[in-house]
Amino acid sequence: MTDNGDSRTMGRRTVIGGAAATALAAAGFQAVPAYAGPLGKHDPRTVRLSVMGTTDLHGNVFNWDYFKNTEYDDSAHNDIGLAKISTLVTAVRERIAREGRTPAPLMLDAGDTIQGTPLAYYFAKVQPITGGHLHPMAAAMNEIGYDAAALGNHEFNYGLDILRKFQRQLKFPLLGANAQDWTTGLPVFPPYVLKRVHVPGERPITVGILGLTNPGIAIWDKANVENKIKFGGIVELAKYWVPRVRRAGADVVIVAAHSGADLSSSYGDALPVPENASALMAEEVPGIDAVLVGHAHQEIPERLVTNKATGDQVVLTEPLKWGMRLAVIDLDLQKVHGRWKVVARHSQVLNANTVAADPRVTDLLQKDHDKVVEYVNAKVGTCTEAMSAATAPWEDTAALDFVNFVQADAVSKALAGTPQASLPVLAIAAPFNRGAAIPAGDVSVRDVAGLYIFDNTLLGVTMTGAQVKDYLEFSAQYFKQVSGSGPFPSDQVTNAPTSTAPTGTPDYNYDILGGLTKPMSYQIDIAKPVGSRITDLQYGGVAVAADQQFVVAVNNYRQSGGGNFPHVKTAPVVYNRQVEIRQLMIDYVSTTGEVNPATFHTTDWSLTSNGSPIVVS
819 MTDNGDSRTM GRRTVIGGAA ATALAAAGFQ AVPAYAGPLG KHDPRTVRLS VMGTTDLHGN
879 VFNWDYFKNT EYDDSAHNDI GLAKISTLVT AVRERIAREG RTPAPLMLDA GDTIQGTPLA
939 YYFAKVQPIT GGHLHPMAAA MNEIGYDAAA LGNHEFNYGL DILRKFQRQL KFPLLGANAQ
999 DWTTGLPVFP PYVLKRVHVP GERPITVGIL GLTNPGIAIW DKANVENKIK FGGIVELAKY
1059 WVPRVRRAGA DVVIVAAHSG ADLSSSYGDA LPVPENASAL MAEEVPGIDA VLVGHAHQEI
1119 PERLVTNKAT GDQVVLTEPL KWGMRLAVID LDLQKVHGRW KVVARHSQVL NANTVAADPR
1179 VTDLLQKDHD KVVEYVNAKV GTCTEAMSAA TAPWEDTAAL DFVNFVQADA VSKALAGTPQ
1239 ASLPVLAIAA PFNRGAAIPA GDVSVRDVAG LYIFDNTLLG VTMTGAQVKD YLEFSAQYFK
1299 QVSGSGPFPS DQVTNAPTST APTGTPDYNY DILGGLTKPM SYQIDIAKPV GSRITDLQYG
1359 GVAVAADQQF VVAVNNYRQS GGGNFPHVKT APVVYNRQVE IRQLMIDYVS TTGEVNPATF
1419 HTTDWSLTSN GSPIVVS
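So for the sequence shown, the working numbering puts the first residue at 819; every next one is plus one.
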């Protein structure tokens, strides 16, 4: 858990010369005054330690959208990827190196690294790193020179073999104090690391870096971790480990926490601990100086939280996602009774869209990138007419019908010869990606994969008609309560805030239900309160009876409790072959050679207000 050497020096990484100041200014860097003593003047005994951080990189090295086959762009014109982060990191290191007495900065990550792009998928499933290939995220992070990273929940998506291989490929520790052996409760990853940072003319600063991951892994990746790893609460394990890090000699304690700042839990009461607890941890656990926050995909340049026990302030920062931002934490320290003590703290985030990609990183991984681009652009079949998911959250679309059809078809075929073979099969799908579309004509891997951007696997469970209705009622809380016929802009209708999603229900937690051999039809009356919105629920034109039995195809995230939907977590499982849904979709197109929306009209649902149709634009 201890690194007895000095933190890495600038060396060959100091490559951009006088351009550092220009790059940092463009990225939004603000020079924060050093600690002012009691007389309001800079104290020359003050030493500033800087700590840089990323989080939720999700497999992004290049500023590239593999689903659109073009450079990444969004409405805010963000750029993404570790290649751009590397340029910012180099600029920060050079600036600090020129300040002389200031120690070299540290570089951390707060998790969710190896899942999220076709690049990450390719080296987990198509050419797995267990075969010997260096994971592109490991290669890029090693080149940049990270000092430590926390585990994210998505690190577990591809199973423990891939995760352990990735861990061995890193030149820095992968931390997870609350990832504990199922039987003994002991950590199965290093809980913390000590970094001794050289200060010219002084004793080194010992920095303790504690890593904590999200307890929701127990739900979201149950199939990969059950009976192997359990996950304690963020606050509970921080209370245990922070004092131990201090006793091990840490002058400074920084927590890399894959847990959002503000209290909320997508899993409701399915676990006794919250999903997003970084601010609560800072308030409740003495001895923490700074928190690099992850998981929530939020931008927090600086938030100061006062610890209830000590009255000391803790600085929190979260650098958005995907390498869009680089967090920079500045901790001012002085010697107190011979030990370094933090006397002031600040943080900010730098915008990656202001700098060019670091050619050292892009050159290192260009072959991997090209290989994946070729893979995702390979033709797998054709489509008779274009399908788009742009309006899928508020109207029936062929795009989500296609997802539901493939899922239900796979489960139905697998149940042949079983007692459940005679039951009608339904499926649920969420509008994961409003930008997804399958064109008329040739269809590529990326066209299909764009409809299903998560690496979920398929299960089948049995549910009653009453449970299906409850499920749909829960899903319908996604809509805001609106009266009138419209037209309404989509943001006036969708993504309603709830107690477990105070900033708005994400699209991936809104499920649409479809049938296989017969369509499932229903209306959602959003003039009515949550819990009484589903009307005219029918299967094949016949009203669904409360005791009617169905097999429902669901993804592993939902069946494990993700989103806290009712009944599905406890429903009997009748199918579970650990097959990825996205791959099923690609295989379907490859096998049939053609996608024809006319052959899979799985659902017929609509939004209404007091029983009358409404228009959403």
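Just so it is clear, CB atoms sit at the ideal spot from N, CA and C, and this is done for glycine as well. Given the structure is predicted, the values throughout are model-derived calculations rather than measurements.
How do the stretch 1390-1399 and the stretch 1262-1269 stand: do at least 3 beta-carbon pairs fall below 8 Å, yes or no?
no
Short check: CB of R1064 to CB of G1105, under 7 Å?
By 1-based counting over the sequence shown, the position of residue 1064 is 246. By 1-based counting over the sequence shown, the position of residue 1105 is 287. The answer is yes: Cβ separation under 7 Å.
Quick check on this structure: which residue in G963, L842, N1374 and D1080 has the alpha carbon closest to the alpha carbon of L1122?
One-based indexing of the sequence shown puts residue 1122 at position 304. Considering only alpha carbons, the answer is D1080.
Coil, strand or helix - L1442 by DSSP
In this structure the chain extends from 819 to 1435, so residue 1442 is not present and cannot be described.
If you draw a straight line from the alpha carbon of T1421 to that of I1404, how long is it in whole angstroms?
Here the question's residue 1421 lines up with position 603 in the sequence shown. Here the question's residue 1404 lines up with position 586 in the sequence shown. Taking the straight line joining both Cα atoms gives about 21 Å.
Between the Cα of D892 and the Cα atoms of P991, W1140 and V1161, which residue gives the shortest distance?
Position 74 of the sequence shown, counted from the first residue, corresponds to residue 892. If we check each option's Cα against that of D892, W1140 comes out closest.
Taking the continuous alpha helix (DSSP H) assigned at H1177, which residues delimit it?
In the sequence shown, counting from the first residue as 1, residue 1177 sits at position 359. For the record, residue 1177 in the displayed sequence is Pro; it is not His. Here the alpha helix (DSSP H) through P1177 covers P1177 to V1194.
Where A844 sits in the DSSP three-state scheme:
The sequence position of residue 844 within the sequence shown is 26, counting from 1. A844: helix per DSSP, three-state reduction.
Buried or exposed for P991, going by 16 or more other Cβ atoms inside 10 Å?
For the purposes of this step, residue 991 is taken as residue 173 along the sequence shown, with counting starting at 1. Buried, since its Cβ has 16 or more Cβ neighbours within 10 Å.
Under 6 Å from any heavy atom of the ligand GDP, does the C-beta of F1306 make it?
Among the ligands in the structure shown, none appear at all, so the ligand GDP cannot be discussed.
For the 8 Å Cβ check, are there 3 or more pairs between the stretch 1126-1135 and the stretch 1099-1113?
yes
Confirm, please, whether the CB-CB distance from H1113 to H1076 is below 7 Å.
On the sequence shown, position 258 is the one that residue 1076 refers to. On the sequence shown, position 295 is the one that residue 1113 refers to. Yes, the pair counts as a contact, with Cβ atoms nearer than the cut-off.
Could you tell me the distance, in whole angstroms, from the CA atom of L900 to the CA atom of M959?
Within the sequence shown, residue 900 is the residue found at index 82, counting from 1. Within the sequence shown, residue 959 is the residue found at index 141, counting from 1. One C-alpha to the other measures close to 8 Å.
Please list the terminal residues of the continuous alpha helix (DSSP H) segment that includes P1242.
Here residue 1242 refers to the residue found at position 424 of the sequence shown. From DSSP, P1242 is part of no alpha helix (DSSP H); its letter is neither H nor E.
In the DSSP assignment, the beta strand (DSSP E) including D927 goes from what residue to what residue?
Stepping through the sequence shown from its first residue, residue 927 is reached at position 109. Its beta strand (DSSP E) spans residues L924 to D927.
With a 10 Å radius around its C-beta and 16 neighbouring C-beta atoms as the bar for buried, classify D1150 as buried or exposed.
Locating residue 1150 in the sequence shown gives position 332, where the first residue counts as 1. Answer is buried; the Cβ neighbour count reaches 16.
Terminal residues of the continuous beta strand (DSSP E) containing A997?
The sequence position of residue 997 within the sequence shown is 179, counting from 1. Its beta strand (DSSP E) spans residues A997 to D999.
Taking the C-alpha atoms as reference points, what is the distance between P1242 and Y1357?
Position 424 of the sequence shown holds residue 1242. Position 539 of the sequence shown holds residue 1357. Answer to the nearest angstrom: the Cα atoms are 9 Å apart.
Inter-residue spacing [alpha-carbon to alpha-carbon] between L1073 and N1327
Position 255 of the sequence shown holds residue 1073. Position 509 of the sequence shown holds residue 1327. In the sequence as displayed, the identity of residue 1073 is Val instead of Leu. Cα-Cα distance, rounded: 29 Å.
Compute the Euclidean distance between the alpha carbons of Q1295 and T1172, then round it to the nearest angstrom.
Stepping through the sequence shown from its first residue, residue 1295 is reached at position 477. Stepping through the sequence shown from its first residue, residue 1172 is reached at position 354. C-alpha separation (whole angstroms): 39 Å.
Can you check DSSP and say which residues form a bridge with E799?
Lying before the first or after the last residue shown, residue 799 is absent from the chain, which here runs from 819 to 1435.
Per DSSP, the bridge partner or partners of I1072:
Residue 1072 sits at position 254 when you count from the first residue of the sequence shown. DSSP output for I1072 lists I1027 and A1108 as bridge partner(s).
For the stretch 1234-1311, list the alpha helix (DSSP H) runs that are entirely contained and at least 4 residues long, ordered along the chain.
1263-1267 and 1283-1293
I1052 to P1090 span [Cα, whole Å]:
Against the sequence shown, residue 1052 aligns to sequence position 234. Against the sequence shown, residue 1090 aligns to sequence position 272. Between I1052 and P1090, the C-alpha separation is close to 11 Å.
To which residues of the same chain is L857 closer than 7 Å at the C-beta, ignoring the five residues directly before and after it?
Within the sequence shown, numbered from 1, the residue matching residue 857 stands at position 39. With a pLDDT of 48 at L857, under the threshold of 50, the predicted position of this residue should be treated as unreliable, though the coordinate-derived value follows. Answer for L857: no residue qualifies.
Tell me the rounded alpha-carbon separation between D1354 and S1317.
Locating residue 1354 in the sequence shown gives position 536, where the first residue counts as 1. Locating residue 1317 in the sequence shown gives position 499, where the first residue counts as 1. When rounded, the distance between both Cα atoms is 28 Å.
Measuring alpha carbon to alpha carbon, tell me which of G1359, P1324, V1370 and K1346 ends up nearest Y1340.
In the sequence shown, residue 1340 corresponds to position 522, counting from 1. The residue with the shortest Cα to Cα distance from Y1340 is G1359.
Straight-line CA distance for N1125 to I1027?
As a position in the sequence shown, residue 1125 is number 307, starting the count at 1. As a position in the sequence shown, residue 1027 is number 209, starting the count at 1. Going by the C-alpha atoms only, they are around 18 Å apart.
Going along the chain, which residues of its own chain have a beta-carbon closer than 7 Å to the beta-carbon of W1038, five neighbours each way excluded?
Indexing the sequence shown from 1 puts residue 1038 at position 220. The answer, listed in chain order, is N971, Y1375, S1378 and G1380.
Cβ-based burial, W1423 [other Cβ within 10 Å; buried from 16]
Position 605 of the sequence shown, counted from the first residue, corresponds to residue 1423. Buried is the call here.
Say whether the stretch 968-983 touches the stretch 908-920, bearing in mind that this needs 3 or more beta-carbon pairs closer than 8 Å, one atom from each stretch.
no
Evaluate the contact criterion for the stretch 1367-1374 versus the stretch 1304-1318: three or more CB pairs, one atom per stretch, below 8 Å.
no
Is the stretch 896-912 touching the stretch 1278-1297 in the sense that three or more CB pairs, one from each, lie closer than 8 Å?
no
Going by DSSP, name the residue or residues bridged to R1462.
Outside the displayed span of the chain (819 to 1435) sits residue 1462, for which this structure offers no information.
Per-residue DSSP class, three states only, for S1430
Indexing the sequence shown from 1 puts residue 1430 at position 612. S1430: strand per DSSP, three-state reduction.
For M1338 and N1414, the rounded distance between their alpha carbons:
If you number the sequence shown from 1, residue 1414 lands on position 596. If you number the sequence shown from 1, residue 1338 lands on position 520. Looking at the two C-alpha atoms, the distance is approximately 19 Å.
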